[in-house]
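Here's the structure, in structure tokens; my notes come after.
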Amino acid sequence: MPRKSSLFRRLMLGFSVVILSVAVLGLAYVFVEAKLTQRARTFSENKSYTANILLHLTDISHDPARMRTVLESLETVHQRLYRELDYHSHVRVRVWQHGRLLYNSQPALPDRLPAVATDKEYGWVRWVEEAPASGIVVERQHEVDDEWMLTKWGVNFLLSSPIFSLPLLLVPAWLIVGIGLRPLHSIADAIALRSDADLTPLPDSKYRELSPLVDAINQLMSRLSHRIEREHEFLTDAAHELKTPLAAIQINAHVLLSRCSQEIAERAAKPADGLRAGVARATHTVHQLLALERTQTESGPDDECPLTDVAEFVRERLAVAAPLAVQHDIEIEFTADENARVPLHLESMAAAVDNLVSNAVKYSPQGGRIVVRLSRQGDRLRLSIADQGPGIDPLLRQKVFERFYRVPGQRQLGSGLGLAIAERGAARNGGVIVLADGDDGRGLTAAIEFAGGTS
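Residue numbers for the sequence shown follow the UniProt record's numbering, so the first one is 1 and each next one is one higher.
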């Protein structure tokens with residue numbers, strides 16, 4: 001499966017590109033500004049340095065030897081400073097007194113050095129200071145060279161600011177992007193926590209950027225809701241339309257056979273039994289479809305449902321199933337640990353109990369026993385129906401709740417809708433159905449677990 005793109009990573013990459021672009025533009029500006037202002041800075045340095053030399057020499061102008069010593073000391077200090085700064089530009093200092101050359105820091109250089117010109121990248125900047133009273137003339141010439149920006153010191157100077165500022169900018173960007181995406185995660189969590197039948201609109205987002213997404217999801221939910229409603233209406237109408245012709249077929253077949261001679265009736269007995277069984281099966285399926293649709297109209301517990309004595313309610317449903325149990329010689333045993341009154345949607349709960357009991361009767365062997373128990377487990381009630389039938393493979397216990405699914409190899413007639421109806425009926429009352437092994441590992445136990453209510 002291809003790796004999905006990350007919106008968070010995409011936003012962070014965008015922030016990084018913007019920050020790096022700003023840093024590169026800043027470096028370019030500093031580089032250009034340094035080249036343009038290098039001459040002016042060199043000129044100012046010459047001017048201040050020559051003035052400083054004059055201040056040191058004024059009081060000792062009467063002693064040329066001491067003046068040379070002071071000039072050599074000053075030059076030594078500046079050369080050491082330049083070496084520490086990895087500064088490679090050349091500087092020459094010359095001092096005259098009454099026209100006689102007293103000091104030259106760079107005697108190897110020619111007397112005349114090229115001045116800075118507009119068509120050259122570098123040259124020499126010259127400045128001269130004079131003290132007429134003492135006859136001292138100080139000249140300083142400084143080479144203007146922009147190559148210092150390509151040295152280790154220059155690179156450190158230019159890159160130190162971006163290198164230290166990038167993490168300080170990216171960490172807040174990471175926090176801002178993460179916090180900014182939380183409303184989107186909230187919408188996803190709100191949708192994920194919904195049941196598959198909850199198509200109510202999402203609440204409007206307070207963020208203008210997310211409103212189109214919420215509106216689109218709500219419009220999709222509205223269209224799905226209308227489509228499902230139309231399908232339910234169609235299925236209900238179709239089932240109602242089928243009930244009448246099926247009843248007519250059954251009546252007409254009975255009338256037709258009653259008017260036949262005994263010989264014809266005897267020969268048609270087997271096909272007639274098959275016809276009656278087929279019509280009965282089709283009629284049962286139609287009734288099951290109607291029951292399924294009634295349980296699907298609402299999928300959650302109804303606060304307006306009446307408080308019902310669950311034990312008494314179950315006894316009534318077992319009384320309805322008693323004729324079927326007697327017909328199959330099945331004994332039904334019911335025990336209730338305590339009485340409990342809970343809000344029940346009677347029609348959907350009756351459909352759930354009736355289908356579970358009828359399945360237990362249908363799949364139990366002749367002369368078998370069904371045990372129905374009502375018990376409390378913490379704050380929930382548990383209504384279990386255990387039979388002695390063949391049971392259901394644990395691997396298929398989730399699949400049997402699908403509509404029209406029947407366990408392979410099943411010989412009992414049925415529509416494959418009973419457990420689907422029971423599951424939706426339990427859900428309508430805020431409960432779930434759990435399938436497990438029967439008593440002593442034989443048969444199947446189907447249990448409805450729902451809120452316990454009051455005792």
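Just so you know, even glycine gets a beta-carbon here, dropped at the ideal spot from N, CA and C.
Here DSSP, grouped into helix, strand and coil, assigns Pro323 to helix. Taking a C-beta distance under 8 Å as the contact criterion, Gln388 and Arg315 do not qualify as a contact pair. Secondary structure note for Tyr363: its alpha helix (DSSP H) is the uninterrupted segment Leu346 to Tyr363.
Less than 8 Å separates the beta-carbon of Ala311 from that of Leu374.
For Arg194, the secondary structure class from DSSP, reduced to helix, strand or coil, is coil.
Closest option to Ser348, judged by alpha-carbon separation, among His98, Ile448, Leu113 and Gly99: Ile448.
Membership of Gln97 in the beta strand (DSSP E) is indicated by the continuous run Val91 to Gln97. A check of alpha carbon separations from Ser44 across Ala325, Ser61, Val144 and Ser225 identifies Val144 as the nearest. Around the beta carbon of Gln141, 16 or more other beta carbons lie within 10 angstroms, which makes this residue buried. About 37 Å separates the beta carbons of Met221 and Pro245, which is beyond the 8 Å limit, so they are not a contact pair.
With contact defined as three or more Cβ pairs closer than 8 Å, the stretch 364-378 and the stretch 416-425 are not in contact. Each of Cys305, Arg403 and Gly14 was checked against the Cα of Gly430, and the nearest Cα belongs to Cys305. With the rule of 3 Cβ pairs closer than 8 Å, the stretch 421-438 counts as touching the stretch 338-352. The alpha-carbon of Val361 is positioned some 55 Å away from that of Leu181. With respect to Leu356, Ile385 sits close: the two C-beta atoms are nearer than 8 Å.
Under the Cβ criterion (8 Å, minimum of three pairs), the stretch 163-174 counts as touching the stretch 4-22. The Cβ atoms of Phe334 and Leu318 sit closer than 8 Å to each other. Burial check for Arg94: the Cβ neighbour count within 10 Å reaches 16 or more, so the residue is buried. When the five nearest sequence neighbours on each side are left out, the beta carbons in the same chain lying within less than 8 Å of the beta carbon of Lys399 are those of Tyr405, in order along the chain. About 7 Å separates the beta carbons of Leu170 and Ile19, which is inside the 8 Å limit, making them a contact pair. In this structure, Ile136 keeps its C-beta atom at 8 Å or more from the C-beta atom of Leu55.
For Phe164 and Ser21, the gap between their C-alpha atoms comes out near 15 Å. Membership of Gly425 in the alpha helix (DSSP H) is indicated by the continuous run Gly418 to Arg428. When only Cα atoms are considered, Phe450 and Glu338 end up about 15 Å apart.
Residues of the same chain with a CB within less than 8 Å of the CB of Ser134, apart from the 5 flanking positions on each side, are Leu57, Thr58, Ser61 and Gln97 in chain order. Distance check between Leu184 and each of Leu193, Ser205, Leu199 and Leu166 places Ser205 closest, using alpha-carbon atoms only.
Trp127 is bridged by DSSP to Arg140. Secondary structure note for Tyr405: it is in no beta strand (DSSP E), with a DSSP letter that is neither H nor E. Collapsing the DSSP output to three states places Ala173 in a helix.
In terms of Cβ geometry, Tyr103 and Leu81 do not form a close pair [threshold 8 Å]. With a contact defined as Cβ atoms closer than 8 Å, Leu199 and Leu224 qualify at about 6 Å. When secondary structure is reduced to three states using DSSP, Leu101 falls in the strand class.
The C-alpha of Asn218 is placed about 45 Å away from the C-alpha of Gly438. Where Val371 is concerned, there is no enclosing alpha helix (DSSP H), although the beta strand (DSSP E) around it starts and stops at Arg369 to Gln377.
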